[in-house]
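**Q**
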Amino acid sequence: MTELITLDSGEVIDLSRYPLPSGIEDEVYNIQLMAKAMNTSTVTVNKWIDAGMPVENPGGNGRSYELRFSHCYAWRKWREGKDKAAAQAKASSAAQKAMLFVGEDDEAAADNTLSAKEVREWSEAVILRDKAALQRGDLVKRGDVQDIMEKLLGTVRRTITNMPDWLEQEFSLSPRQADKAQTYADGLLDELRLQLERQGYQTADVIDFGDRDTLAE
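What follows is the structure, given as structure tokens:
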């Protein structure tokens, strides 16, 4: 049976194209539970709502948002497919444009084979260039970057963690307002964690662009 939902943008999603996996029951959640069900943060869920994710009940007057999982699941899959199609279209367009230049670099490519001596000389030139760049400050050592990032992320985390208490004391927030501030702060921390994990970084990982510590020797 075909079931359609119409988004605020006027676009229509056919739910039958994005069915829930077998054994998964459809339920209505608030924003916090939907974030958990979607394995994301409340900040991201709010962004998705702003981007057009369907809302069953917008809440108000002390009532929470109500979001139907099957609708949000279908919308997310639909949007991911839409984004993928757009990326593929751009890649195809770029590939077609590249055909305009086929053959122009053939002669240059034929001259690009380097001898062992030339490779060694080139490598030595790169090392000298990088040493000079390090002295000028155009390059920085990995350890220095790691220290700065650890301090910066620590400051951000402490600030976000302490923000609800500061807001409560500074502006005499009600318990409900304080809970909202805490939820928002937790969402920010979850968003930071998820962004790092999506990039493949874990706690104590170091982004390594090549070990240049020896350049200072």
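Residue numbers (my numbering): 8 to 224. Even glycine gets a Cβ: it sits at the ideal position worked out from N, Cα and C.
(1) In the segment 23-105, which residue ranges form an unbroken alpha helix (DSSP H) of at least 4 residues, counting only runs that do not cross its ends?
(2) Whole angstroms is fine: what's the gap from A94's alpha carbon to S16's?
(3) Kindly confirm or deny that the segment 63-82 and the segment 25-45 touch, where touching means at least three C-beta pairs closer than 8 Å.
(4) Would DSSP call V7 helix, strand or coil?
(5) To the nearest whole angstrom, what separates the beta carbons of Y72 and I38, a pair I think is in contact under 8 Å?
(6) Taking Cβ to Cβ, would you say L22 is nearer than 8 Å to A81?
(7) Rounding to the nearest angstrom, what Cα-Cα distance links S148 and L203 in this structure?
(8) Reducing DSSP to helix, strand and coil, say where L14 ends up.
(9) What are the partner residues of V19, as DSSP defines its beta bridges?
(10) Pull up the distance between the alpha-carbon of D188 and that of I167, whole angstroms please.
**A** Taking the structure as given:
(1) 38-44, 49-57 and 76-105
(2) 21 Å
(3) yes
(4) Residue numbering for the chain in the displayed model covers 8 to 224; residue 7 lies beyond these limits and cannot be assessed.
(5) 5 Å
(6) yes
(7) For the sequence presented, residue 148 should be read as Lys rather than Ser. C-alpha separation (whole angstroms): 21 Å.
(8) coil
(9) T13
(10) Residue identity check: residue 188 is Ala in the sequence provided, not Asp. If I take the Cα positions, the gap works out to 10 Å.
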